[in-house]
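Here the structure is laid out as structure tokens; the discussion comes afterwards.
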Amino acid sequence: MTTSLAPAPEAAGPAARFRRTGSDFLSEATRAARVNRVRAREARSMATACEQRARRAPGQSAMYLREALRLRREAAALDVDAALHEEAVTALRQLTDDGLLPRQGVSAEPAGRL
52 MTTSLAPAPE
62 AAGPAARFRR
72 TGSDFLSEAT
82 RAARVNRVRA
92 REARSMATAC
102 EQRARRAPGQ
112 SAMYLREALR
122 LRREAAALDV
132 DAALHEEAVT
142 ALRQLTDDGL
152 LPRQGVSAEP
162 AGRL
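In this text, residue positions in the sequence shown follow our numbering: the first is 52, and each later residue adds one.
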């Protein structure tokens, strides 16, 4: 897949993982959800292309249809993973709003989609 992304925050070094905040978790989970949504969209697009190739090349249609099915399953799994990340972000924000977690470094903006 050809998704270009900035390096993840954990690339800052081995000591950086000990200085993590709720804001770090929120940004990483939101980023992961967005990445998974983009990858799912790309997988669905490639599955559509495989289905079109299967119609144009009847002799190889089984191969293309198998690949399309694999890509659609991959897209569905990525959508589920993205939904789980978004749910985690929503739950953390709800805990913060309820006063069960400190507000330090946690923004109130909802998890967005691309």
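All C-beta atoms, glycine included, are put in the ideal place defined by N, C-alpha and C.
This structure is a prediction, so every number in the text was calculated from the model and none was measured.
Can you name, in chain order, every residue of its own chain whose Cβ lies under 7 Å from the Cβ of residue i, other than the five neighbours on each side?
i, result
"residue 83", "136"
"residue 112", "105"
"residue 55", "Here the model assigns residue 55 a pLDDT of 48, short of 50, so the residue's position is not dependable, and the following value carries that caveat. So no residue of the chain qualifies."
"residue 165", "Reliability of the predicted coordinates at residue 165 is poor, the pLDDT of 45 falling under 50, and the value obtained from them is presented with this limitation in mind. So the qualifying residues of the chain are 85, 88 and 89."
"residue 146", "152"
In chain order, what residues of the same chain have a beta carbon less than 8 Å from the beta carbon of residue i, not counting five sequence neighbours either side?
i, result
"residue 130", "87, 88 and 91"
"residue 95", "122, 123 and 126"
"residue 99", "119"
"residue 101", "115, 116, 118, 119 and 122"
So, with DSSP's three-state summary, where would you put residue i?
i, result
"residue 139", "helix"
"residue 166", "There is simply no residue 166 to check, as the chain begins at 52 and stops at 165 in what is shown."
"residue 127", "helix"
"residue 153", "coil"
"residue 108", "coil"
Got a sec? Which residues, its chain only, sit under 6 Å from residue i by beta carbon, not counting five neighbours each side?
i, result
"residue 108", "none"
"residue 148", "none"
Flag residue i as yes if its beta-carbon sits less than 9 Å from any beta-carbon of chain B, otherwise no.
i, result
"residue 141", "No chain B appears in this structure, which consists of one protein chain only."
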